[in-house]
Each structure stands twice: as C-alpha cells, then as structure tokens.
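Numbering (the working numbering), first residue to last: 33 to 236.
Here a beta-carbon is modelled for each residue, glycine too, at the ideal position from N, C-alpha and C.
In this text the structure is predicted, and so the values were computed from the model without any measurement.
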Amino acid sequence: MTLAMFILGMVAATVLIVLLLATWFDLGFRIWPTPGPRSWQSYVFWPLFRGLNALCFVVAILDFGGGALAIPFALRMIALAALAASLASFVYAFRVLGRDNSYGASQGLVTEGIYRWSRNPQNAMLILVYLALALAADSAAAYVLCAAMIAVYALMIYVEEPWLEGIYRQPYRVYCGQVPRYIDWRKALAAVRTFLRRLRGDAP
Numbered sequence: 033m034t035l036a037m038f039i040l041g042m043v044a045a046t047v048l049i050v051l052l053l054a055t056w057f058d059l060g061f062r063i064w065p066t067p068g069p070r071s072w073q074s075y076v077f078w079p080l081f082r083g084l085n086a087l088c089f090v091v092a093i094l095d096f097g098g099g100a101l102a103i104p105f106a107l108r109m110i111a112l113a114a115l116a117a118s119l120a121s122f123v124y125a126f127r128v129l130g131r132d133n134s135y136g137a138s139q140g141l142v143t144e145g146i147y148r149w150s151r152n153p154q155n156a157m158l159i160l161v162y163l164a165l166a167l168a169a170d171s172a173a174a175y176v177l178c179a180a181m182i183a184v185y186a187l188m189i190y191v192e193e194p195w196l197e198g199i200y201r202q203p204y205r206v207y208c209g210q211v212p213r214y215i216d217w218r219k220a221l222a223a224v225r226t227f228l229r230r231l232r233g234d235a236p
C-alpha cells in the first residue's frame, strides 16, 4: 500500500511541477494562482495539490520509522515538535491573510503581523512542516515525496510574484525590497528573545 500511495504522490508531484515550471517560463498559461474557481486550472491544480499534501502524510505514517538515515528517535521527536510549531505558524499566517487571498484572490496586500517577517509565511512554514515530517518519519519514500512537495511550494512562491506585482505594482515592489521571500530570521529571533524576556518578567 505504501508503494501505491508513493506512486500516486509522485504522479501528482510531477504534473504539478511541470505545470508550475510552464507557468514560470510563461508558456502561454497560468496554473497558479488559478484564474477562478470554475476554471480548468482550478479543477486541475487543487485536486493534485491537496492530494499530494495528503499523500505525503499518508506515506510518512505508513512508513514511519523506516530508518532510511538512521536518525535517532530523540531527534525524530524534535522534528515532530518542529512540525507542530510550523503548522501552528501556518494557521496563524492563513488567518492573517484570509482564506480568499490564500487561495489566489487579490483582496489587498497584507504587510502586517507575520508578513513583516516573510512575504510568504504560509509556504515558508509548510516547507518546514514537510522537512520536519520527512525527518520524523525517516523514510526513503517520505523523503522523496516531501522533497517534491517542498519543490511545489517553492515554485508556487516564484510563479506568484509576477502576478502579485502586476496587481499591486509599486507598493508590492517596495514591500519586496523590505521583507525577504522566506523568513527574516533576525526579526524572528529578536521577537522570540523579547517574548522569552517577557515570560521571565525581565524589563524590556
């Protein structure tokens, strides 16, 4: 069963990556962001994308502890904790941006909250989720499938940027100059240090 799920996942990943690359190189169509809920792009992209997300977890669970890299159990549990933290950050970023904007609508450029640290916090956090999932499972099949999923999320970021620039123009270009594509680690670490000081009751 693991092999069948893995093959299905790789088929979905291959089609998605080819379509995203075709979009990136401007070969006459755009698969992401999808033009609308009833477009052929929507009917193709969302089943493949959601299916691949689900299959990564299915394969990781079915082959959990496969021992591909012989990662110690303690480190795998740390990876699980990182997965949970990254997933929580994704949910927060999703709520800040809004459901429709997250799914390819253009309802306003969001630059506040977590979006001051990353232009793409949802995708950045999900990349960490799948990296952590692969390490926690330590399965060869999970490593390959999660790597494909990470590639899909990274490509989505790159193909989305010209679309966002076309909509928001100069404000988006200014935002790109101020905030990194993935994560501003210095700001994030400074925020964590401030939070920890407040927990200890230290003066700001």
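For A173, the enclosing alpha helix (DSSP H) starts and ends at 172-200. A contact between stretches requires three or more CB pairs, one per stretch, nearer than 8 Å, and the stretch 217-231 fails this requirement with the stretch 183-195. Around the beta carbon of L35, fewer than 16 other beta carbons sit within 10 angstroms, so the residue counts as exposed. The three-state reading of DSSP puts N152 in coil, since its state is none of H, G, I, E or B.
Between Y124 and V50, the alpha-carbon positions lie close to 30 Å from each other. Ranked by Cα distance from P212, the first of P79, A100, C88, N152 is N152. Judged by DSSP secondary structure, M109 falls within the alpha helix (DSSP H) whose first and last residues are 105-129. Here P65 is buried: its Cβ has 16 or more other Cβ atoms, across all protein chains shown, within 10 Å.
Under a 10 Å Cβ-count criterion, Q210 is classified as exposed, with fewer than 16 other Cβ atoms of the shown protein chains found around its own Cβ.
Sorting L231, L163, W72, S74 by C-alpha distance to the C-alpha of A114 places L163 at the top. Assigned with DSSP and collapsed to three states, L87 falls in helix.
F96 is a Cβ neighbour of A169, given a cutoff of 7 Å.
From the listed residues G41, Y207, F122, the smallest Cα separation to T143 is found for Y207. In the structure shown, the three-state DSSP call for G145 is helix. The distance from the Cβ of A44 to that of L84 is about 4 Å, consistent with a contact at the 8 Å cut-off.
Judged by DSSP secondary structure, M42 falls within the alpha helix (DSSP H) whose first and last residues are 34-56. Closest in C-alpha terms to F77, from the list I63, F89, G68, L87, comes I63.
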